[in-house]
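In the numbering used here, the protein residues as written are 168 to 282.
Every residue, glycine too, gets a C-beta built ideally from N, C-alpha and C.
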């Protein structure tokens, strides 16, 4: 994927964010609210499904790494899911989770944290 996706994080939930959340909730259908509250294991879903159903979160569970298992393929996979979420009607970016208690010890050269 050649384009870069930039999402802003670590912003306090000020009045603008609270108002935006309320606005989004008012616009959402019941199906979209259900989708946003759903986390699906990445082996059970495609980026197209994320866009179609407005899924709120995708998880790489134990052994849920892409092949080949490299930082580049992780980036490509996660960016693909995020890009798909931004194609949904309300363009709400998903949360991508990884079962990595100690850090990404499943990727050679990644950071491992002590327990």
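Opening and closing residue of the alpha helix (DSSP H) in which residue 274 lies: Residue 274 -> no alpha helix (DSSP H), and no H or E assigned at all.
Buried/exposed call for residue 214, threshold 16 Cβ in 10 Å: buried
Proximity below 8 Å, CB of residue 236 to CB of residue 274: yes
Alpha-carbon to alpha-carbon, residue 195 and residue 248: 20 Å
Bridge-paired residues (DSSP) for residue 262: 224
Residues bridged to residue 207 [DSSP beta-bridge criterion]: 225
Contact between the segment 183-192 and the segment 221-235 (3+ Cβ pairs under 8 Å): no
Sequence-distant residues of its chain with Cβ nearer than 6 Å to residue 218 (five each side left out): 251, 254, 255
Between the CA atoms of residue 244 and residue 205 - distance to the nearest angstrom: 19 Å
Cβ-based neighbour list, residue 220, same chain, cut-off 7 Å, excluding 5 preceding and 5 following: 202
Beta-carbon separation (whole angstroms), residue 230 vs residue 209, contact threshold 8 Å: Between residue 209 and residue 230 the Cβ distance is about 11 Å, and since that is not below 8 Å, they are no contact.
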